[in-house]
Amino acid sequence: MPRKRTLKLSTFNVNGINSRLPNLLEWLEKEKPDIVALQELKAADQAFPADVLEAAGYGSIWHGQQSWNGVALLGRHTAPVESGRGLPGDATDKQSRYIEAAIHGIVVAGIYSPNGNPQPGPKFDYKLRWMERLAHRARSLVDLPHPVVVMGDFNVIPADEDVYDPRSFRKDALFQPESRRAYERLLKQGWTDSLRHVFGEKRIYTFWDYFRQHAERDRGLRIDHLLLNPVLAKGLIEAGVDRWVRLQEKPSDHAPAWVRVSIP
DNA sequence: ATGGCGATCTATGATCGA
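Its first residue numbered 1, the first sequence is counted upward by one per residue in the UniProt record's numbering.
Pasting the structure below:
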C-alpha cells in the first residue's frame, strides 16, 4: 500500500499582519499548517514581513495595499508558484483581494471578499459584482483534474445557523439574500463547503467581534470558508477552527479555519 | 436604534471593518 500524505490547509484573516505578527508566528509554530491563506494584511507590498515568515519556515507570495485589504499565500518549507493576482473581470478594480498559486501540488485561490456595508449602496453593489467575478474565476477552476481550494474571508453568512443572532443581522450586507444566493451559486458549481460538510448540524464560527466579550461567550459568525473541488473533496479527512487563537492577547477578530486532506 | 472595540493614517479625530 502506498502511504498517502496529508496536508493541513488553513485560512486566517489577520486584521493587520504587522500588528498581528507575534500572534501569527505562535499559531504557525503550534499548528504547523502546510498551506495558508492570509487576508486583511493592511500593509503595502514593501511592508510585508516575508523575511520573518521565511525564518519561521514559510515561503510566501503577497498582494499588499496600504491601509486596507491585502492577501497572501504561505507554503510550509516551500515557495508558492504564483498563477495570478487581482481578481479578473474589472481592470479598474485596484483592491487587493485575490491571489492564486500552486503549493504542495494544490491549486490555491486566496480571497478576501468585500464587506459590502452599508447596504444598499455602492459598497454593496461592489460586493455583489465582485462575487460574480469570483464565480466566473471559480467556474474555470472547479473541474480541473488537479486538487483545488478556494479559501478565505467570503464575508457571507451562508445560513441562519451560521450567526449567533440572525435577527440582529437582518440588515447586514453579510446576511442579505443577494449575498447568500451568490455564495449558494458558487457552491452549485460543485464546491464542497468543508466546515459545513464536516460539522453537519453543529454550529461552528470563525469570527467574533470585539464587543461585549463575544469571543469568550462564543457569539460569532461563520464567514471564513474553505471550498474544495471534487478532486480535493475526495481526500477531506477533518476540518476545524483554531479558536484558541481568538482568545489570545491582542487577537484578530477572526480565528484560523482549516481542513486536513489526503493527497494520493 | 445605537454603540460597543481595534487598526490605520488623514493622526490627537476620521474612517473602516463585520
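Ideal Cβ positions, reconstructed from N, Cα and C, are used throughout, including at glycine.
Of the residues the options, the one placed nearest residue i, counting alpha carbons only
{"i": "Ile17", "options": "Pro251, Ser262, Val261, Glu29", "result": "Pro251"}
{"i": "Val36", "options": "Ser140, Asp125, Ala109", "result": "Ala109"}
{"i": "residue 334", "options": "Arg139, Ser168, Pro177", "result": "In the structure as shown, the chain starts at 1 and stops at 264, and residue 334 therefore has no counterpart that could be examined."}
{"i": "Gln213", "options": "Asn69, Pro88, Tyr58, Gln248", "result": "Gln248"}
{"i": "Tyr112", "options": "Lys188, Leu134, Ala101", "result": "Leu134"}
{"i": "Pro264", "options": "Trp62, His104, His77", "result": "His104"}
{"i": "Val245", "options": "Lys4, Glu29, Lys8", "result": "Glu29"}
{"i": "Gly240", "options": "Asp218, Val198, Asp209", "result": "Val198"}
{"i": "Asp162", "options": "His136, Asp125, Asp218, Phe211", "result": "Asp218"}
{"i": "Ser60", "options": "Pro80, Gln66, Val52", "result": "Pro80"}
{"i": "Gly152", "options": "Pro22, Arg170, Phe124, Leu195", "result": "Leu195"}
{"i": "Asp253", "options": "Gly84, Lys123, Phe207, Leu226", "result": "Phe207"}
{"i": "Gly86", "options": "Phe124, Trp130, Ala47", "result": "Trp130"}
{"i": "Arg137", "options": "Asp90, Ala50, Pro22, Asn69", "result": "Asp90"}
{"i": "Glu132", "options": "Gln189, Tyr164, Arg170", "result": "Gln189"}
{"i": "Val52", "options": "Ile157, Leu25, Lys4", "result": "Leu25"}
{"i": "Lys127", "options": "Leu9, Tyr164, Val14, Arg97", "result": "Arg97"}
Residues that DSSP places opposite residue i in a beta bridge
{"i": "Gln39", "result": "Asn13, Val71"}
{"i": "His63", "result": "Val71"}
{"i": "residue 321", "result": "Examination of residue 321 is not possible in this model, given that the chain is present from 1 through 264 alone."}
{"i": "Ala173", "result": "None; Ala173 has no bridge partner."}
{"i": "Asp34", "result": "Asp34 is not bridged to any residue."}
{"i": "Lys8", "result": "Arg260"}
{"i": "Asp193", "result": "Leu227"}
{"i": "Val81", "result": "Ala102"}
{"i": "Tyr58", "result": "Arg76"}
Anticipated Cβ contact below 8 Å, residue i with residue j, distance rounded
{"i": "Thr11", "j": "Asp224", "result": "5 Å"}
{"i": "Trp191", "j": "Leu228", "result": "7 Å"}
{"i": "Val71", "j": "Ile99", "result": "5 Å"}
{"i": "Val231", "j": "Pro147", "result": "5 Å"}
{"i": "Val261", "j": "Leu7", "result": "6 Å"}
{"i": "Leu187", "j": "Tyr205", "result": "With a Cβ gap of about 19 Å, Leu187 and Tyr205 do not count as contacting."}
{"i": "Phe48", "j": "Trp62", "result": "5 Å"}
{"i": "Gln46", "j": "Asn69", "result": "About 16 Å; that fails the 8 Å criterion."}
{"i": "Leu141", "j": "Leu9", "result": "Actually they are not in contact, since the Cβ atoms of Leu141 and Leu9 sit about 15 Å apart, beyond 8 Å."}
{"i": "Leu174", "j": "Val150", "result": "The pair is not a contact, with the Cβ atoms about 18 Å apart (cut-off 8 Å)."}
{"i": "Asp242", "j": "Glu31", "result": "6 Å"}
Fill in: Any beta strand (DSSP E) of 3 or more consecutive residues that is wholly inside the region 141-167
148-153
Worksheet item: Should the region 41-54 be called in touch with the region 14-32, which here means at least 3 C-beta pairs below 8 Å?
Response: yes
Item to complete: May I have a chain-ordered list of the beta strand (DSSP E) segments no shorter than 3 residues that lie completely inside the region 101-125?
Response: 106-112
Fill in: Any beta strand (DSSP E) of 3 or more consecutive residues that is wholly inside the region 199-253
224-228, 236-241
Discussion item. Could you check whether the region 169-185 touches the region 234-248, counting it as contact only if at least three pairs of C-beta atoms, one from each stretch, sit closer than 8 Å?
Written reply: no
Worksheet entry | Three or more C-beta pairs below 8 Å linking the region 73-83 and the region 114-129 | no
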